[in-house]
Amino acid sequence: MAYTDENGKAQGTIIDLTNELAAMNGYRVKWVNYPINRIYRTLNTGDIDFWPGSPNVPALEGFTVESQPLGISVKLCAFALNSSPAVHSLADLQDRSLITIRGYTYREQLRALFSSNTRAPIVAPNNQAAMQLMLRGRADYLISYGHPMQEAMGDYALHGTRCHKLDEWPLVYVFSRKNPHARQIAEQFDQAFQVYRQPDAAPQPLRGNPQSFAITP
Numbered sequence: 695m696a697y698t699d700e701n702g703k704a705q706g707t708i709i710d711l712t713n714e715l716a717a718m719n720g721y722r723v724k725w726v727n728y729p730i731n732r733i734y735r736t737l738n739t740g741d742i743d744f745w746p747g748s749p750n751v752p753a754l755e756g757f758t759v760e761s762q763p764l765g766i767s768v769k770l771c772a773f774a775l776n777s778s779p780a781v782h783s784l785a786d787l788q789d790r791s792l793i794t795i796r797g798y799t800y801r802e803q804l805r806a807l808f809s810s811n812t813r814a815p816i817v818a819p820n821n822q823a824a825m826q827l828m829l830r831g832r833a834d835y836l837i838s839y840g841h842p843m844q845e846a847m848g849d850y851a852l853h854g855t856r857c858h859k860l861d862e863w864p865l866v867y868v869f870s871r872k873n874p875h876a877r878q879i880a881e882q883f884d885q886a887f888q889v890y891r892q893p894d895a896a897p898q899p900l901r902g903n904p905q906s907f908a909i910t911p
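In this text, residue positions in the sequence shown follow the working numbering: the first is 695, and each later residue adds one.
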């Protein structure tokens, strides 16, 4: 979905799409990689213009505007080795040993689960480190997002891994209201996305009017 490569450059499906839609509206994207709490804070202050992320985030109410869904879904999974029981609901994770990823945002139901569990989750710095912990038997389940895990497994295969889907939701652009043109820009991106979806849409070069965007790790 989105990640930073070894050269510090933003890469991924949503990065390519955003660059394309920005170019169609005459904007050039300046990507920054922030933890989720800093993204929320800088959307509030206007230090970033928008973020490709989740809709209807309570912490962002009152100072953001959202685009229409982008036709891309975010899938949250409980990853497990074959030796761990299947997960059919959040209740199956109650009092299980879990690994989470530092900087990732987890929905309210999961945060409530983490706080009520008798065992605090192990917090790994990234998906690769989390997979190593799984292989060492440090936890039953790794709570992460589908696409970043697929990217990580390309470099560090975790054989016999299953994704038990916990939740899935559409991706949107979340714009800071500190930009007085936030609603207008959101509409521009909505319109550009409709054009982009047409089969004969031509790629657009990046140019002028820099905007600051953020991605999570």
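From the three backbone atoms N, C-alpha and C, an ideal C-beta is built for every residue, glycine too.
In three-state terms, what does DSSP make of residue i?
i, result
"V868", "strand"
"I879", "helix"
"I766", "coil"
"D834", "coil"
"V817", "strand"
"D789", "coil"
"D741", "coil"
"G706", "coil"
"E755", "coil"
"D861", "strand"
"V781", "coil"
Hey, how far is the Cα of residue i from the Cα of residue j?
i, j, result
"Q822", "N750", "30 Å"
"A814", "Q826", "18 Å"
"K769", "S838", "9 Å"
"T910", "T707", "Low confidence applies to T910: its pLDDT is 46, below 50, so where it sits in the model is not reliable enough to give any reading."
"D884", "S761", "6 Å"
"D789", "L807", "9 Å"
"P819", "T794", "9 Å"
"K703", "P746", "16 Å"
"M828", "G756", "40 Å"
"T855", "N731", "29 Å"
"L792", "N776", "15 Å"
"R877", "A886", "14 Å"
"A785", "Q705", "35 Å"
"T812", "Y728", "30 Å"
Taking 8 Å as the CB-CB limit, is residue i close to chain D?
i, result
"E755", "Of the chains in the structure shown, none is chain D; there is only one protein chain."
Should residue i and residue j be called a contact, given that it needs their Cβ atoms to be closer than 8 Å?
i, j, result
"Y835", "A774", "yes"
"P864", "L764", "yes"
"A716", "V723", "yes"
"Q888", "N719", "no"
"H796", "V817", "Here residue 796 turns out to be Arg, not His, going by the sequence shown. Yes, Cβ-Cβ distance for R796 and V817 is below 8 Å."
Spatial neighbours of residue i within its chain, please: C-beta separation below 7 Å, excluding the five flanking residues on both sides.
i, result
"Y734", "A753, L754"
"T758", "L737, V868, F869, S870, R871"
"C663", "Here the chain comprises residues numbered 695 to 911, so residue 663 is not present and cannot be evaluated."
"D861", "L770, R801"
"F744", "Y867, V868, F869, S870, F907"
Apart from the five residues just before and just after residue i, which ones in its own chain have a Cβ nearer than 6 Å to its Cβ?
i, result
"S778", "D834"
Cutting at 8 Å between CB atoms, please list the residues of its own chain near residue i, excluding the five before and the five after it.
i, result
"G902", "Its pLDDT being 46, under 50, G902 is placed unreliably by the model, and the measurement read from it follows with that caveat. Excluding positions up to five away in sequence, the list reads G720, Y721, R722."
"R832", "S791, I793, I816"
"S767", "E862, W863, P864, L865"
Q | At least 3 beta-carbon pairs within less than 8 Å: the region 737-745 vs the region 869-876 | A | yes
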